[in-house]
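Student:
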Amino acid sequence: MVVRQGLRALLTTEEDIEVVGEAETGRQAVEMARQLNPDVVLMDIVMPSLNGLEAARQITKQMPDCKVLILSSYGDDEYVQRLTEVGATGYLIKQTAADDLLKAIRDVERGKTVFSPSIASRFQDTRKDALGKTQTLQLRTEHLTSREAEVLQLIAEGQTNKQIAFELGISAKTVEKHRQQVMNKLKIHDVAGLTRYALSKGIIKANAELKLS
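So in the UniProt record's numbering, the last spot in the sequence shown is 213, and the numbers never skip.
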């Protein structure tokens with residue numbers, strides 16, 4: 001909330017930038033983007049209900065002209081590499097200076113691809129290392145469908161099949177089917193393991209209430 005308020009305060013000082021909406025969850029961000037049709041969506045990676053990368057994938061698929069700029073505390077190669085896969089136009093770390101953030105927003109709106117300087121060089125190296133570590137890290141998540149990725153996140157957030165069914169508008173039986181497919185594909189067969197996996201991938205944040213035993 002504090003970060004979002006700070007961003008709004010910064011952006012509203014610019015005459016050529018209008019903040020048309022704010023979302024608390026990834027799912028809400030997708031719905032608001034669909035309704036408001038913004039030029040640029042500024043998105044964090046770790047968001048409840050639907051993580052930022054999956055939300056970015058859905059937004060760019062449904063609205064190809066909408067640009068998504070990821071703003072996150074994560075600078076790992078794995079996240080950067082996945083940018084092109086989900087259709088995001090840029091990736092900035094949260095330590096980015098205000099002037100650089102404003103410039104990045106304007107640049108992505110014009111169709112440019114933007115990275116924080118500390119990430120740009122690593123992104124080039126990662127793309128060249130097609131058979132290296134980064135690709136290996138991705139293999140276990142790439143073969144999950146969009147719906148399975150959503151179910152994985154909601155399971156890791158501690159929701160029951162019934163709660164997930166209500167959240168996604170599907171039956172509990174369908175949720176259970178997706179749960180089993182996720183477990184089989186990831187070769188992880190308990191909720192604690194799925195939660196650890198989601199934490200390791202930055203899909204959810206560490207929380208004192210998470211029970212991993």
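Don't be surprised by glycine CBs; every beta carbon is placed ideally from N, CA and C.
Do you know whose CA, among Thr174, Ala198 and Arg147, lies nearest Gly158's CA?
Tutor: Sequence index remark: in the sequence shown, residue 158 carries index 158 (1-based). The option with the nearest alpha carbon to Gly158 is Ala198.
Student: Name the residue from Asn161, His178, Thr89 and Ile164 whose alpha carbon lies nearest to the alpha carbon of Leu42.
Tutor: The residue you call residue 42 lines up with position 42 of the sequence shown. Closest option to Leu42, Cα to Cα, is Thr89.
Student: Just to confirm, are Leu29 and Cys66 a CB contact at a threshold of 8 Å?
Tutor: In the sequence shown, counting from the first residue as 1, residue 29 sits at position 29. In the sequence shown, counting from the first residue as 1, residue 66 sits at position 66. The displayed chain sequence assigns Ala, not Leu, to residue 29. Against a cut-off of 8 Å, the Cβ pair of Cys66 and Ala29 comes out as no contact.
Student: Whole angstroms is fine: what's the gap from Val114's alpha carbon to Glu54's?
Tutor: Indexing the sequence shown from 1 puts residue 114 at position 114. Indexing the sequence shown from 1 puts residue 54 at position 54. Spanning the two alpha carbons is a distance of roughly 19 Å.
Student: Please name the residue, chosen from Leu10, Phe166 and Gly26, that lies closest to Asp99 on a Cα-to-Cα basis.
Tutor: Walking along the sequence shown from the start, residue 99 turns up at place 99. Answer by Cα proximity: Leu10.
Student: On the premise that Val20 lies in contact with Thr60, defined as a C-beta separation below 8 Å, what is that separation, rounded to the nearest angstrom?
Tutor: The sequence position of residue 60 within the sequence shown is 60, counting from 1. The sequence position of residue 20 within the sequence shown is 20, counting from 1. With 8 Å as the limit, Thr60 and Val20 do not qualify as a contact, their Cβ atoms being about 18 Å apart.
Student: Using CA coordinates, which residue listed in Gly169, Ser72, Asn37 and Glu150 is at the minimum distance from Leu50?
Tutor: The residue you call residue 50 lines up with position 50 of the sequence shown. Comparing Cα-Cα distances from Leu50 to each of Gly169, Ser72, Asn37 and Glu150, the minimum goes to Glu150.
Student: Grab the span of the alpha helix (DSSP H) containing Ser146 for me, first residue to last.
Tutor: The residue labelled residue 146 in the question sits at position 146 within the sequence shown. Run containing Ser146: Ser146 to Ala156, per the alpha helix (DSSP H) assignment.
Student: Is Gly87 near the ligand ADP, judged by its Cβ being under 7 Å from some heavy atom?
Tutor: Looking at this structure, you won't find the ligand ADP or any other ligand, since it has none at all.
Student: Would DSSP call Lys67 helix, strand or coil?
Tutor: Along the sequence shown, one-based indexing puts residue 67 at 67. Strand, per DSSP.
Student: Leaving out five residues on either side along the sequence, give the residues of the same chain with a beta carbon under 8 Å from the beta carbon of Leu69.
Tutor: The sequence position of residue 69 within the sequence shown is 69, counting from 1. So the qualifying residues of the chain are Val40, Val41, Leu42, Met43, Ala88, Thr89, Gly90, Tyr91, Leu92, Ala104, Ile105, Val108 and Val114.
Student: Can you tell me whether Leu42 is helix, strand or coil according to DSSP?
Tutor: Taking the sequence shown and counting its residues from 1, the one referred to as residue 42 is at position 42. Strand, per DSSP.
Student: Mind checking Arg110: buried by the 16 CB within 10 Å criterion, or exposed?
Tutor: By one-based count along the sequence shown, residue 110 stands at place 110. Flag for Arg110 reads exposed.
Student: For Val114, write down the residues that DSSP places opposite it in a beta bridge.
Tutor: What you label residue 114 is simply residue 114 of the sequence shown in a count that begins at 1. Bridge partners of Val114: Gly90.
Student: DSSP three-state label for Ser72, please.
Tutor: Taking the first residue of the sequence shown as 1, we reach residue 72 at position 72. In this structure, Ser72 counts as strand in the three-state DSSP scheme.
Student: Would you kindly work out how many angstroms separate the C-alpha atoms of Glu24 and Ile203, rounded to a whole number?
Tutor: Reading the sequence shown from its first residue, position 24 is the one you call residue 24. Reading the sequence shown from its first residue, position 203 is the one you call residue 203. Rounded to whole angstroms, Glu24 to Ile203 spans 15 Å at the Cα level.
Student: Whose CA, out of Ser72, Ala156 and Thr174, lies closest to the CA of Val191?
Tutor: Taking the first residue of the sequence shown as 1, we reach residue 191 at position 191. Per the Cα distances, Ala156.
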